[in-house]
Amino acid sequence: RQDGILYYVECGILNEDVFILAHVVNGRLNPAAADDRSLGEEMTLFQTRMQDMPLDSFGNSQVIATSDESQFIEELDIFGDYIVLYERSRFDGTQRIRTLDRNCLGLDEGSTVVPHSHHGLDQYATITPGGNAWYQSTGLTFGTETPVEPTTTYVFDMKQKSLTRSGDNRQGNDMGYSRVYATSLDGTKVPVTLIGRKDSASDVDGTQPNASMLYGKKRPTVLVAYGCYGEMNKMVYDPTIAPLINRGFVVAYAHTRGGGELGRSWYRKGRGYEKERAVEDYLACAEALVGDLCIAGEGQLAAKGFSAGGVIAAAAVNRSPQLFSAMTLINSFLDVYGSMVDPSLPLTEHEYDEWGDALKDEIAAETIKRYCPFANISPQMYPPTLLVGTLDDTYVPYWHSSTYAVKRKEIMIQMREDAVDDHPSSLKENNDDVLLHIEEQGGHNLHSRRLDVASLECAFLLGELSANVPSNANGKDRKKSSLLGALWGMVK
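Rendered as structure tokens:
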């Protein structure tokens, strides 16, 4: 093991083959340099033999496949006669699967791109490998899904090169998908995926480049944040967003730097010293949705963050609270600085690679202080906020939510007390509503409590934004949303 080297090892059994997926430069293992630029390198697949292990270079190893200018390798599966590569586009994050015949590795005729298509919506879908437990199988099982469509399962016969689909979970052709781009502070184009029901009055097919035409008119919009750990803001099936979409909402996924949608360099540019770029990207997405893209109107945009995504969403709201009319933070990491200076917490040292060591690195400490959601709560008008924590969450302790809620309320109370003569009316009208909900169990991912928390979150968002739901959205009567809004108003 060497610091800064990411690699995966698979045993090929045949002739004691060993396959290694690793970051390399000029045939050598690529440890992270002082400026961390090497993390921008994508994966290369090598073949070696058991007797040649351990390795300090790949000089005698065979290059099987490389990431190129258009695609990068994410992961692999090994079969008796085939290697399966899961790849992703550097340009728009679209996934694909490529199989390699182990009997003719390195030859073009041994490489086959699996000809699947998720109803022509591949750039909005997620490919998930199946179990594929039988090593000698020639059948590759995988699934595709979107946030509003459950998994459709496929089996690809790698020998016959034929594809079989099992079932069809297409949710009708009234669901609109769109990929748009926002321009961040430094000029970087940031992808945003939009999902919502098409306006019945619009003659569109779901592929319109003009997203505002796709959805007919401005809609209440929820902007989902993540952008951490090199993980994607995944487009996987999520039934908890259906109540919003069915009532005319648009759900937008911000693919900010810090995530892995466009490769390791996309991740590197949004981690550590560069973490603020992820916040800037998210803000650019929010500004585009209410501005040039004409998706959300005034008072129609909500911020949403789960886990580390809460860092990005809450930091963005600290900087531009006027952009948002509501915010939900579920088991969110909110006191980043307080956590990163306390090595007694179970995950602090493990998190140094993502956020930085705030105890030993002054630059990392100052960087964290600039965006830490808890540290940057200030005397200003915030949107109504729902915070959820879980007592048995071992990843993000519940006190991140509770201390954030208390500080927000304390600052609003102080603002009222210090209000000058020309501001008391605005302070009186804005109560800076903060709802704190603590679950007793469920862990970080909420498990059996997920639907209960999702119901609370949907009710909150409908209550705060329902006054702006189009009355003809999906042919629904607006009274249902208004009723939920009224019920929420009774308890908030």
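Quick note on our numbering: the sequence shown kicks off at 563 and runs consecutively.
The beta carbon of each residue, even a glycine, is placed where N, CA and C say it ideally should be.
Opposing strand residues paired with residue i [DSSP bridges]
i, result
"R759", "M737"
"I689", "T706"
"S728", "T715"
"M605", "H585"
"L647", "L638 and R660"
"V675", "R660"
"R819", "G821"
"K866", "V786 and T890"
"P753", "Y743"
"I1000", "G951"
"A814", "L756 and L785"
"D579", "R611"
"G701", "D719"
Reference residue i; option with closest CA among the options
i, options, result
"A967", "G951, R978 and Y957", "G951"
"R727", "G758, S740, F895 and V676", "V676"
"K751", "D654, R660 and K837", "D654"
"N1007", "R652, A850, F868 and E671", "F868"
"G701", "R833, R839, V717 and G834", "V717"
"R881", "A870, Y829, L855 and Q942", "Q942"
"K723", "C1020, I659 and R978", "I659"
"N665", "K721, L855, L785 and Y570", "K721"
"W961", "M977, E928, I1000 and T929", "I1000"
"L760", "T745, M605, T715 and I807", "The sequence given here has Lys at residue 760, not Leu. Measuring from the Cα of K760, the nearest candidate turns out to be I807."
"A787", "P959, I892 and S673", "I892"
"A584", "E578, A865 and S623", "S623"
"V754", "K796, G792, K779 and T715", "K796"
"L617", "V571, T714 and T947", "V571"
"A865", "T628, T783, D663 and D684", "T783"
"Y957", "P945, E913 and I930", "E913"
"G738", "S699, L725, A814 and F1022", "A814"
"Y944", "R932, W917 and I973", "I973"
"L997", "T890, E836 and V742", "T890"
"R781", "T661, A920, D663 and G859", "G859"
"R819", "D800, A848, G789 and F811", "G789"
"L949", "E928, I930 and K971", "K971"
"S673", "Q698, Q657 and I626", "I626"
"P801", "V1015, Y743 and L747", "V1015"
"D915", "G668, Y791 and T715", "Y791"
Per-residue burial, residue i [other beta carbons within 10 Å of its own, 16 or more giving buried]
i, result
"S1033", "Caution is warranted here: a pLDDT of 49 is assigned to S1033, below 50, making its placement in the model unreliable, and the coordinate value is therefore given only provisionally. Exposed is the call here."
"M794", "buried"
"A1048", "Low confidence applies here, because A1048 scores a pLDDT of 41, under 50, leaving its location unreliable and the question unanswered by this model."
"A595", "The pLDDT assigned to A595 is 40, lower than 50, so where the model puts this residue is not dependable; a value taken from the coordinates is nonetheless given after this. So A595 ends up on the exposed side."
"P908", "exposed"
"I925", "exposed"
"V798", "exposed"
"D955", "buried"
"D597", "Residue placement at D597 is flagged as unreliable, the pLDDT there being 41, under the threshold of 50; a coordinate-derived value is accordingly withheld."
"Q633", "buried"
"M605", "buried"
"P1025", "For the record, residue 1025 in the displayed sequence is Gly; it is not Pro. Buried: at least 16 other Cβ atoms inside 10 Å."
"E823", "buried"
Delimiting residues of the alpha helix (DSSP H) encompassing residue i
i, result
"E979", "W961 to D980"
"I807", "A804 to I807"
"S632", "Unbroken run through S632: none, as it is neither H nor E."
"T929", "E924 to Y933"
"L845", "E838 to V852"
"R833", "Unbroken run through R833: none, as it is neither H nor E."
"Y914", "Y914 to W917"
"F653", "Counting along the chain, F653 falls outside any alpha helix (DSSP H), and DSSP gives it neither H nor E."
"V1015", "R1012 to L1027"
"M902", "V898 to M902"
"V879", "G871 to R881"
N-terminal and C-terminal residue of the beta strand (DSSP E) that residue i is part of
i, result
"Y569", "Y569 to C573"
"T628", "Q624 to T628"
Check: residue i C-beta below 7 Å from any heavy atom of the ligand PLP
i, result
"T802", "With respect to the ligand PLP, the structure shown offers nothing to examine, as it has no ligands at all."
Is the stretch 689-698 close to the stretch 631-647, with three or more CB pairs under 8 Å?
yes
Do three or more CB pairs link the stretch 897-914 to the stretch 992-1011 at distances below 8 Å?
no
Count Cβ pairs between the stretch 877-884 and the stretch 837-844 that sit closer than 8 Å; are there 3 or more?
yes
Check whether the stretch 931-948 and the stretch 884-897 are in contact - that is, three or more C-beta pairs closer than 8 Å.
yes
Would you call the stretch 669-689 in contact with the stretch 702-716, where contact means no fewer than 3 C-beta pairs closer than 8 Å?
yes
Pair every Cβ in the stretch 608-615 with every Cβ in the stretch 628-642, then say whether three or more of these pairs are closer than 8 Å.
no
Cβ contact (3+ pairs, closer than 8 Å) linking the stretch 820-836 and the stretch 847-867:
No contact exists between the stretch 820-836 and the stretch 847-867.
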